[in-house]
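A.B. asks: Residue numbers (the numbering used here): 12 to 461.
Even glycine gets a Cβ: it sits at the ideal position worked out from N, Cα and C.
This is the structure I want to talk about, given as structure tokens.
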Amino acid sequence: MAKARTRFVCSDCGHVTGQWVGKCPSCKAWNTVTEFKESANPRMERAAVAAGMAQARPLRDYKEQTSARVGTGEGEFDRVLGGGLVPGALVLLGGEPGIGKSTLSLQTAMKAKGKVLYVSGEESPEQVRLRADRMGVLGPDLLILPETSTEGIVKAVKEHEPNLLFVDSIQTLHTPRVESAPGSVAQIRESTAELILAAKPLQLPVVLIGHITKEGAIAGPKVLEHMVDVVLTFEGDRHHAYRILRAVKNRFGSTQEIGIFEMRGDGLHPVTDPSGALLGDGGARLSGTALAVAIEGARPITVEIQALVSSAVYGTPQRSATGYNLRRLNMLLAVLEKRCGFKLGASDVFLNLAGGIRLEDPGIDLAVVGAILSSTLDLTLDPRTALCGEVGLTGEVRPVARLEQRMAEAAKMGMKRLVVSGLGQNEPNPPKGLSLVRVTRVGELQKVLF
């Protein structure tokens with residue numbers, strides 16, 4: 012009988028040591044090293060020996076390989092991947108519990124062409140069928156496998172030879188090679204490694220569903236994100252209907268693309284016009300609101316920025332930002348106080364991006380400042396005026412990237428004026444019906460808007 016070996020692995024970076032240590036020597040994290048036992052496996056040793064028989068060859072001797080991507084039938088999912096799944100690629104889909112990871116995966120599996128194997132380790136086949144009936148689409152070639160054994164999944168893959176494999180979720184898998192509970196660091200790493208060994212030779216695309224921790228990181232060893240080819244995050248507020256699919260890592264495409272979905276009773280629906288969905292009917296605007304034209308991924312989006320500035324009730328003024336970087340908000344408040352003379356140090360400032368969306372585009376800085384000024388002065392902005400510009404520490408308004416796309420989006424949404432930076436040169440002509448208002452300093456914004 013094979014003798015088990017005891018090793019210690021860091022849950023953050025995957026570093027392996029022969030004895031327990033309080034501080035990981037690789038990533039310097041404390042109390043992340045855990046024990047696990049791995050039995051000696053002659054089959055794996057033979058695989059390692061065979062892998063070592065490969066020979067080095069000059070790069071010019073290898074021909075360029077262009078593999079056709081596999082379309083899933085879910086347009087927003089394919090958009091984030093860069094046009095579809097690459098044969099043999101491993102995709103890790105992470106998100107909070109209840110955000111819709113399983114719904115998105117099952118919906119994609121039912122729309123995909125060819126034979127699809129859906130491994131359900133958390134739900135019974137009857138529960139999966141109930142979810143599928145609610146969506147109203149049943150794929151004729153969709154196979155459901157209630158299995159948590161990695162070896163059982165590999166056996167089913169070889170038996171059915173599917174065109175696409177979904178595993179829900181990677182935290183439920185286990186292999187007898189590792190003497191630890193399912194969901195542990197060692198089990199997740201070894202199960203993923205076995206799936207890679209099985210999928211790569213067959214050119215089988217695999218989508219793994221993973222949970223995230225309370226800190227927002229994907230549960231399991233950090234090395235898991237290095238083992239897979241694509242890491243996607245499915246995020247959103249469960250109190251809002253909209254969900255955003257982002258690519259954190261993509262070996263075969265861009266990480267600057269996003270997909271937007273709306274959660275309904277019959278599943279997830281792609282949002283082809285995010286600006287119209289986020290702005291709604293565009294009713295009467297009140298003080299403290301401003302419209303920003305942002306670039307998220309490769310698409311322009313018009314969002315409503317909401318700000319509330321009031322006298323501090325408690326001793327320390329509060330600063331809160333939903334959907335926006337709080338540190339950047341504090342920076343903009345400091346610029347307004349230093350460069351424009353607005354005394355905001357004794358005021359509570361709350362900022363919100365309507366619709367539950369989160370943006371990192373610095374081009375919405377000018378709209379954030381406009382919303383803060385509107386709330387401070389209690390004056391309403393023109394509902395047909397939008398803003399886009401980056402604000403620097405000296406109070407200058409800097410040009411933004413892809414201004415032509417932003418102008419086209421503003422014109423499409425019925426805007427008459429777009430406030431932009433006056434520092435840019437060789438700017439494209441605005442679309443018909445849209446006029447550009449240029450400002451070079453934040454201090455000029457009050458005169459332009461009110």
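Assign E348 to buried or exposed, taking buried as 16 or more other Cβ atoms, counted over all protein chains shown, within 10 Å of its Cβ.
C.D. replies: E348 is exposed by the Cβ-count criterion.
A.B. asks: Could you check the C-alpha separation between G93 and R413 for me, to the nearest Å?
C.D. replies: Near 20 Å, if we compare the C-alpha coordinates of R413 and G93.
A.B. asks: Short check: CB of R275 to CB of V234, under 8 Å?
C.D. replies: No, they are not a contact pair.
A.B. asks: Could you tell me the boundaries of the alpha helix (DSSP H) in which A345 lies?
C.D. replies: Start and end: 337-350.
A.B. asks: Restricting to Cα atoms, I'd like to know which of M426, K458, L104, R417 is closest to L388.
C.D. replies: The residue with the shortest Cα to Cα distance from L388 is K458.
A.B. asks: With DSSP run on the structure shown, which of helix, strand or coil describes Q317?
C.D. replies: Three-state DSSP puts Q317 in a strand.
A.B. asks: By DSSP, does V239 sit in helix, in strand, or in coil?
C.D. replies: If DSSP states are grouped into helix, strand and coil, V239 belongs with coil.
A.B. asks: Expressed to the nearest angstrom, what Euclidean distance is found between the alpha-carbon atoms of A197 and L70?
C.D. replies: Going from the Cα of A197 to the Cα of L70 covers about 35 Å.
A.B. asks: Give the range of the beta strand (DSSP E) segment to which H171 is assigned.
C.D. replies: H171 -> not in any beta strand (DSSP E); alpha helix (DSSP H) instead, spanning 161-171.
A.B. asks: Is it the case that the Cβ atoms of G106 and T244 are separated by a distance below 8 Å?
C.D. replies: Contact flag set, yes.
A.B. asks: Taking the beta strand (DSSP E) that P281 falls in, what are its first and last residues?
C.D. replies: Unbroken beta strand (DSSP E) run through P281: 278-281.
A.B. asks: Starting from S358 and walking both ways along the beta strand (DSSP E), at which residues does that stretch end?
C.D. replies: Its beta strand (DSSP E) spans residues 358-364.
A.B. asks: What distance in whole Å lies between the Cβ atoms of V168 and L176, which are believed to be in contact at a cut-off of 8 Å?
C.D. replies: At roughly 6 Å, the Cβ-Cβ gap stays under 8 Å, so L176 and V168 are in contact.
A.B. asks: With F88 as the anchor, note down where its alpha helix (DSSP H) starts and where it stops.
C.D. replies: Here the alpha helix (DSSP H) through F88 covers 86-92.
A.B. asks: Taking one C-beta from the segment 426-433 and one from the segment 354-371 each time, how about it: are there three or more such pairs within less than 8 Å?
C.D. replies: Cβ pair count under 8 Å is below three, so no.
A.B. asks: Report the option in V44, Q329, S265 whose CA atom is closest to the CA atom of V242.
C.D. replies: Checking every option, the nearest Cα to that of V242 belongs to S265.
A.B. asks: Pick from G400, R369, T391: whose alpha carbon is nearest that of L377?
C.D. replies: It is G400 whose Cα lies nearest to the Cα of L377.
A.B. asks: Locate the alpha helix (DSSP H) running through R71, then write down its first and last residues.
C.D. replies: Note, R71: premise wrong, no alpha helix (DSSP H); not H, not E.
A.B. asks: I'd like to confirm the pairing. Which residues does DSSP put opposite R379 in its beta bridges?
C.D. replies: Note that residue 379 is Val in the sequence shown here, rather than Arg. Partner(s): none; V379 has no beta bridge.
A.B. asks: Quick check: what's the CA-CA separation for I375 versus L149?
C.D. replies: If you take the alpha carbons of I375 and L149, they lie about 42 Å apart.
A.B. asks: Would you list the one or two residues that DSSP bridges to A100?
C.D. replies: Per DSSP, none; premise fails for A100.
A.B. asks: Determine, using beta-carbon pairs with one atom in the segment 83-102 and one in the segment 129-142, whether at least three such pairs fall under 8 Å.
C.D. replies: With a cut-off of 8 Å, the segment 129-142 and the segment 83-102 do not count as touching, because too few Cβ pairs lie within range.
A.B. asks: On the criterion of 16 or more Cβ atoms from any shown chain inside 10 Å, does S386 qualify as buried, or is it exposed?
C.D. replies: With 16 or more other Cβ atoms within 10 Å, it is buried.
A.B. asks: K354 lies in the beta strand (DSSP E); which residues open and close that run?
C.D. replies: It is not in any beta strand (DSSP E) - K354 carries neither H nor E in the DSSP assignment.
A.B. asks: How close, in whole Å, do the beta carbons of L398 and G425 come, if the pair is a contact with beta carbons under 8 Å?
C.D. replies: Not quite, the Cβ-Cβ distance comes to about 15 Å (not below 8 Å), so this is no contact.
A.B. asks: Once the 5 residues before and after E158 are set aside, which same chain residues still bring their CB inside 6 Å of it?
C.D. replies: The answer, listed in chain order, is V130, I164.
A.B. asks: Which residues does DSSP pair with S432 in a beta bridge?
C.D. replies: V450.
A.B. asks: H251: buried (16+ other C-beta within 10 angstroms of its C-beta) or exposed?
C.D. replies: Result: exposed.
A.B. asks: Helix, strand or coil: which one does DSSP assign to E201?
C.D. replies: Correct three-state label for E201: helix.
A.B. asks: Do G406 and V314 come within 8 Å of each other at the CB atom, strictly closer than that value?
C.D. replies: Their beta carbons are not under 8 Å apart, which means V314 does not touch G406 by this criterion.
A.B. asks: If you reduce the DSSP assignment to three classes, tell me which class P136 lands in.
C.D. replies: Reduced to three states, the DSSP call for P136 is helix.
A.B. asks: Could you check whether G33 and N42 sit closer than 8 Å to each other, using their CB atoms as the reference points?
C.D. replies: Against a cut-off of 8 Å, the Cβ pair of G33 and N42 comes out as a contact.
A.B. asks: Let me check understanding here. Comparing Cα to Cα, which of L141, H171, G99, V178 lies closest to A120?
C.D. replies: Looking at the Cα atoms, V178 is the closest of the given residues.
A.B. asks: Does the segment 251-263 come close enough to the segment 365-374 that 3 or more CB-CB pairs lie under 8 Å?
C.D. replies: The segment 365-374 is in contact with the segment 251-263.
A.B. asks: Less than 6 Å between C-beta atoms, sequence neighbours within five positions excluded: which residues of the same chain meet that for A123?
C.D. replies: T83, G84, L175.
A.B. asks: Which first and last residues belong to the beta strand (DSSP E) in which R330 is found?
C.D. replies: That run of the beta strand (DSSP E) goes 330-333.
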